[in-house]
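Undergrad:
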Amino acid sequence: MTSIFTDMIGSRLFSQRVFNLQRQGRAGTNAPIDGSEAVVVGAAHALDPAHDWVLPQYRELVGLERFGPEVLDRYVLYSIGHPDGGHIPPPARVWPPQISLATQVPHAVGLAWGMKRAGATGCVLVFLGDGSTSEGDFYEACNFAGVLDAPVIVVVVNNGWAISTPTRTQTRAKNFAEKSHAFGIPGVNVDGTDAVAVYEAVADARSRAVAGAGPTLIEAVTYRLGPHTTADDPTRYVPTDELEAAKERDPIAVMRTEMQRRGLWTQEWEEQRLAEADARMERAVVAAEAAPLSPGELFNHVYDEPTPRLVRQREAFER
Amino acid sequence: MTSIFTDMIGSRLFSQRVFNLQRQGRAGTNAPIDGSEAVVVGAAHALDPAHDWVLPQYRELVGLERFGPEVLDRYVLYSIGHPDGGHIPPPARVWPPQISLATQVPHAVGLAWGMKRAGATGCVLVFLGDGSTSEGDFYEACNFAGVLDAPVIVVVVNNGWAISTPTRTQTRAKNFAEKSHAFGIPGVNVDGTDAVAVYEAVADARSRAVAGAGPTLIEAVTYRLGPHTTADDPTRYVPTDELEAAKERDPIAVMRTEMQRRGLWTQEWEEQRLAEADARMERAVVAAEAAPLSPGELFNHVYDEPTPRLVRQREAFER
Amino acid sequence: MTTTTETLQTMNMLEAINHTLHAEMGRDERVMVFGEDVGINGGVFRATEGLLDRFGSERVVDTPLAEGVIAGAAVGLAAAGMVPVPEIQFLGFSYQAFHQIAGQIARLRYRTRSRFDVPITIRSPFGGGVRTPELHSESLAAQYANIPGLKIVLPSSAADAKGLLATAIRDPNPVLFLEPLRGYRMIKDDVPTDEHLVPFGQARTVAEGSDVAIITWSFQVELSRRAAKLLTDEGISVKVLDLRTLVPLDTESIVEAVETCGRVVVVQEAPETNGFASEVIATINDEAFYSLEAPVQRVSGYDTPYPVGMLEDFFVPDVDRICDAVRRVAGMVT
Amino acid sequence: MTTTTETLQTMNMLEAINHTLHAEMGRDERVMVFGEDVGINGGVFRATEGLLDRFGSERVVDTPLAEGVIAGAAVGLAAAGMVPVPEIQFLGFSYQAFHQIAGQIARLRYRTRSRFDVPITIRSPFGGGVRTPELHSESLAAQYANIPGLKIVLPSSAADAKGLLATAIRDPNPVLFLEPLRGYRMIKDDVPTDEHLVPFGQARTVAEGSDVAIITWSFQVELSRRAAKLLTDEGISVKVLDLRTLVPLDTESIVEAVETCGRVVVVQEAPETNGFASEVIATINDEAFYSLEAPVQRVSGYDTPYPVGMLEDFFVPDVDRICDAVRRVAGMVT
Ligand SMILES: Cc1ncc(C[n+]2csc(CCOP(=O)(O)OP(=O)(O)O)c2C)c(N)n1
Ligand SMILES: Cc1ncc(C[n+]2csc(CCOP(=O)(O)OP(=O)(O)O)c2C)c(N)n1
Ligand SMILES: [Mg+2]
Ligand SMILES: [Mg+2]
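Chains A, B, C and D supply the protein sequences, listed in that same order. Just so we're aligned, residue 32 is where the first sequence starts under my numbering, counting upward by one. Just so we're aligned, residue 32 is where the second sequence starts under my numbering, counting upward by one. Just so we're aligned, residue 17 is where the third sequence starts under my numbering, counting upward by one. Just so we're aligned, residue 17 is where the fourth sequence starts under my numbering, counting upward by one.
#1: In whole angstroms, what separates the C-alpha of B:SER238 from that of B:GLU68?
#2: Within the present structure, is the beta-carbon of B:VAL188 separated from the nearest heavy atom of ligand 2 by less than 8 angstroms?
#3: Taking only beta-carbon atoms, is B:THR202 less than 9 angstroms away from chain G?
#4: Of the residues C:ASP302, C:ARG279, C:GLN284, which one's Cα is nearest the Cα of D:GLU288?
#5: Contact check, B:PRO282 vs B:THR224 under 8 angstroms by CB: the rounded distance?
#6: Mind listing the chain D neighbours of C:SER294? Cutoff is C-beta to C-beta under 8 angstroms, in chain order.
#7: For D:GLY251, count neighbouring C-beta atoms within 10 Å of its own C-beta (all shown protein chains included) and say buried if the count is 16 or more, exposed if not.
#8: Starting from the C-beta of A:THR60, find all residues in its chain whose C-beta is less than 7 angstroms away, skip the five residues before and the five after it, and write them out in chain order.
#9: Would you verify that the beta carbon of D:THR79 is, or is not, closer than 9 angstroms to some beta carbon of chain A?
#10: Give the range of the beta strand (DSSP E) segment to which B:ASN220 is assigned.
#11: Cβ closer than 8 angstroms: which chain A residues qualify as neighbours of B:GLU171?
#12: Find the nearest neighbour of B:ALA234 within the set B:CYS173, B:PRO127, B:VAL188, B:VAL155, judged by alpha-carbon distance.
#13: So for D:PHE71, helix, strand or coil by DSSP?
#14: Taking 9 angstroms as the CB-CB cut-off, is C:VAL91 touching chain B?
#15: Pick out the complete alpha helix (DSSP H) segments inside the segment 82 to 167 of chain B, 4 residues or longer, and give them in chain order.
#16: Can you tell me whether D:MET348 is helix, strand or coil according to DSSP?
#17: Of all the alpha helix (DSSP H) runs that stay within the bounds of the segment 200 to 283 of chain B, which reach a length of 4 or more residues?
#18: Using alpha carbons as the reference points, say which of A:SER211, A:ARG90, A:PRO122, A:VAL252 lies closest to A:SER131.
#19: If we count the other Cβ atoms within 10 Å of its Cβ and call it buried at 16 or more, is D:TYR306 buried or exposed?
#20: Between D:ASN290 and C:SER294, how many whole angstroms is the CB-CB distance? I'm expecting something under 8 angstroms.
#21: Which full runs of the beta strand (DSSP E) of 3+ residues lie inside the segment 233 to 274 of chain C, going along the chain?
#22: Does the distance from the C-beta atom of A:VAL70 to that of A:ALA251 stay below 9 angstroms?
#23: Should A:ARG255 be counted as a contact of ligand 3 given a C-beta to heavy atom distance under 8 angstroms?
#24: Measuring only between beta-carbons, confirm whether B:THR338 sits less than 9 angstroms from chain D.
#25: What residues in the segment 102 to 127 of chain D have a beta carbon less than 8 angstroms from any beta carbon of chain A?
#26: Bridge partners for D:PHE193 per DSSP, in chain order?
#27: Output, in chain order, the set of chain C residues within a Cβ distance shorter than 9 angstroms of A:HIS113.
#28: Hey, A:GLY112 and A:ALA176: beta-carbon distance below 9 angstroms or not?
#29: So, using beta-carbon positions, are C:ASP53 and C:GLN116 closer together than 9 angstroms?
#30: For chain C, check one thing: does any of its Cβ atoms lie closer than 9 angstroms to the Cβ of B:TYR334?
#31: Does DSSP put D:THR221 in a helix, a strand or coil?
#32: How far does the beta strand (DSSP E) with C:GLU285 in it reach, from first residue to last?
#33: Since A:GLU166 contacts D:VAL85 with CB under 8 angstroms, what's their CB separation in whole angstroms?
#34: Quick test of your reading: B:ALA12 and B:ALA181, contact by CB under 8 angstroms. State the CB separation rounded to the nearest angstrom.
#35: Candidates A:ALA74, A:ALA133, A:LEU86: which alpha carbon is nearest A:GLY117's?
#36: Are B:THR152 and B:VAL241 closer than 9 angstroms when you measure CB to CB?
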């Protein structure tokens, strides 16, 4: 529980730092995690970083510290627009952010399918937002996962909004877990402000997945506490009272209260964790901003070996 | 009931004739209706041809005689590869066959949405196959229909197969009606070999639709009694016993028995209807094969008016 | 041919688009605007600002997040007699709707022999240079240009944004109306406030010149104009031709430019291989080959995926690269 | 460079593809074949016949009817260390997977800086002349050619179908392997039965000649070969160059052909505007402009949607149209 909380407050701090980098012109558009900490960190803690994979959307990478320091380090690189930000190296089993919404769900299903065929232990967890469930990819992939009995956990992070679009405009389904009926797989609805509840739901789903019992769709309900991204002005559309009510269930506050109740928390302890996170982030930012980059990198990794035309273009470029 | 039966036996006859035209090299690939007569004709009879629209997949047009003679006439043209086959003229409110599976569902939702906005009475019925439900378009469209409360009826014709792929390979969903949970709309499962049952289900859905109560997903369960298309060899994959069992529930035989029981049927009467259908089809084929076609038609209807480049291409073509 | 009136107002391109949507929705109540975040949020760039308030939620509709059905529903709306003006939030996400745009919208008239008009205008921003996330910047016009049945329109000025968008919305054929992200606020000019229609298929001469012709479209017109200015000082007289619409293509103006200058540079932001510049060169080959005094020069993005922020400026053509190409074709460098 | 052995067997193209899939699945157990109807039915054309029986349902998988996830799952399978060989039943339906192919598969290596290899080969039949239903015949290679990261391979003989498919499956990059429907049974030639690899980016001279060069690919190679034969009798010596792969492109062989003949015809089945012929012409403009003695002639489909059966033969280039173009470029007619 303490390690979950540590990662949650860390994730919010990391996220705020990246947000501020954008405000200072040092990073590109990015999406803060505020409100999703319990979902992301709770889920991550139910997984086995040595065997399981995580495919994020774009908001989650700051909460995956458990999967290795490479994740955050590369996410910072990604945020400042460095190409190496897309390469999260082994042993971290995490994919880079996915901007094209819901396209990561087919990838996750394919990966789980391949792991199953290879007899690998482990499973795949994929995050997507409530809005992203409206994309065909989500449905096609979940349906295929059902048919394949693929060891995949699909986590819908329902934070109430897709930019300015509220969930009632996304769907008339009773809730997002209900969509599991369309695929004949278990659907679970969990309080996404409660990290322990998320942890347990994912742990259950993981047991089923690795036991060969197939996929699970989990909806974790929370509320987006910040703007959609650095480019967004939520005051145009988020009702103040709704937001204020949601802040009462801020996942970090919820967990802090619970830990306090159990005598696991002191102000000092949290401050120390935050100071560590701050130092850790500082190192990541310094490293990222110092990372070398040659313009010629533009031409690398299009193919394993460049085509003659790319060689010619690169030569012209370097003149 | 007699008119439903008349259209059912007519549709099978029309379909067989088109199938034979292909065998004689007089028509292109086509898909026989065998097994879906009750679904198509039952549904058509629950609609109001003066106000409602039908968007078929490709197997249904022979069963839509109720929507006007233009439908079959143009379908025959379509089958022989004449471009006018894609133009089913007013007043018939039927779209031409759709080859790109499930793309017609978004069209149907858009049409229903537009009718709703225009305050038109009537609704839209769209057919798609069990296999086609795996496409993203189906899900995206049904989900949007739910949000819009669009007056649309989505009929999944579950004939057990998508070419060689059985329904258990399409989905683990309990059945296709269950998929309605993903959209928060009513889902109805009906015996697709029973035209009256289909009629009633569609009539109910229509009442809801025109009353502003939104869309319905109907699954009509039947069995494909013929090959997928003229290009298919089902003996490679259809289990004989399954097919034989299905033939026991041939929708035409089912209805004939019921009519007999009610004293509505005689051999003579059916033969007369078939003779009429035969003559009607003969006229359609003769007309289709006599329909003029100038090669220059290739260039018409790309835009309302040809671009200069099309004009140049046409001039070159005509030289 | 261009219909204009006397009242002008300085607007940036975004304002011109917003103004035109207001005007067209006011003119024809069949016009409907829909897509992701176009309603209460007024679009992520505010292109649709104020439409919801003014025209109501029946005509200005926030949709679920699903480009396929946004495009696909437009087909049905058109058949119901509406004039759909869907927005795809960024052109990169039109890939999710490609089957509906390329496979259905582009072909509906042809396959139904005009039973249905298809007065659909798909608006979408695109183009690089502004550090957007992945798949937000791609220039995909060439991938659509090989699909008969679509018209492809790319304004490069605020006035044209108005005149071409109004023409698009009134056109009974499907139009891809592609808006240069980088120009949204940067491009500012005088826009006629009354009725203003710019016909399709008529290129615009942005700068007169006689040594070298730059043929281009969209934001590259602005870059080419700047290049032309610089080159004048070097004594090269550069004509800049803005194609405005790729389909239909104004072949006559292209031929005229080749005949006038004999030397040509084509500028595009898309990757080189099979970008629309290739078609311009092929068209010149067909229609004006004997007027060419040197091979046409292409200035393009490279054959790499559109890169992330820190590499972006190396990918996107800039004034320098355009100037180099002009000098090369003019025989001033090799 | 082409590796061959001595044992030959006459096969049609379909048999060669089937034979190669058997061989490659036998060679490398990471290879997986999946798609609609590829299993028990052996594919709607029987290209995958016998694979399910021989390699089992773990490696040969009938999928649900959803091209998006067929392509998208290939990304994940590749990351899991598999070698995915998905089939899209007809290329027209790759539109449903365009967002995964163009937006994801093509970019996976680039965006992950080669963390993941992408040894995906998407097989798909296409092309006209055989009276298929709508959207079954479209030639879409050009729409993919503008997407960096893909390789685009189009065999025109049975032997090449084998050699190029084997190379594709072993290539760690994504390959679109496009099979000409019309050639499936019509094209028949001698195929090496043992290991046979044809490298990408090396065009093949199908007929030698010195007056006019026809540059083409896929089934149009067969038509061009026939045209070349007829034209010899008229005294025109025609070279036929089969590009084999559009990406990577064998620019050297193109230049050589232009230098040899000075007069060029490019033949494609796709619509004219922005078809891949435009890129060939642009490449000639870049690299061999001064060797051209006349404008390059394009023989293309027209800028119309692919038409229905009765109009098909008017759309698809045929031997007559190719001969006319050759005569035109040779200056024999105007
Ligand atoms: C395919 C696609 N369409 C549209 C967008 C633009 N877009 C970026 S984020 C977003 C909203 C996503 O909402 P949701 O899935 O709920 O995730 P959240 O941001 O709330 O975490 C939209 C529409 C995109 N990135 N990809
Ligand atoms: C988008 C798309 N993918 C693939 C195909 C090829 N195809 C034609 S029919 C068919 C099976 C359709 O099955 P189903 O939807 O159950 O309809 P049925 O033929 O059984 O009536 C397939 C895969 C297609 N026409 N369109
Ligand atoms: Mg959300
Ligand atoms: Mg079926």
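Every residue gets a Cβ at the ideal spot worked out from N, C-alpha and C, and that includes glycine.
TA: Looking at the coordinates:
#1: 23 angstroms
#2: yes
#3: Although the question refers to chain G, the structure presented lacks it and instead comprises the protein chains A, B, C and D.
#4: C:ASP302
#5: Indeed they touch by this definition, with Cβ atoms about 4 angstroms apart.
#6: ASN290, SER294, GLU295, ILE297, ALA298
#7: exposed
#8: GLN53, THR260, THR261, ALA262.
#9: Closer than 9 angstroms: yes.
#10: 218 to 222
#11: SER165, GLU166, GLY167, TYR170
#12: B:VAL155
#13: Three-state result, D:PHE71: helix.
#14: yes
#15: 100 to 110, 135 to 149
#16: D:MET348: coil per DSSP, three-state reduction.
#17: Every unbroken stretch of the alpha helix (DSSP H) spanning 4 or more residues and falling wholly within the segment 200 to 283 of chain B is given here in chain order: 226 to 241, 271 to 279.
#18: A:ARG90
#19: exposed
#20: 7 angstroms
#21: Those beta strand (DSSP E) runs which fall completely within the segment 233 to 274 of chain C and span 3+ residues are 254 to 258, 261 to 263.
#22: yes
#23: yes
#24: Between B:THR338 and chain D, the shortest Cβ-Cβ separation is below 9 angstroms.
#25: HIS115, GLN116, GLY119, GLN120, ARG125, TYR126, ARG127
#26: D:ARG139, D:VAL169
#27: VAL324, GLY325, MET326, LEU327
#28: no
#29: no
#30: yes
#31: strand
#32: 280 to 287
#33: 11 angstroms between Cβ atoms; not a contact.
#34: In the structure as shown, chain B starts at 32 and stops at 350, and residue 12 of chain B therefore has no counterpart that could be examined.
#35: A:LEU86
#36: yes
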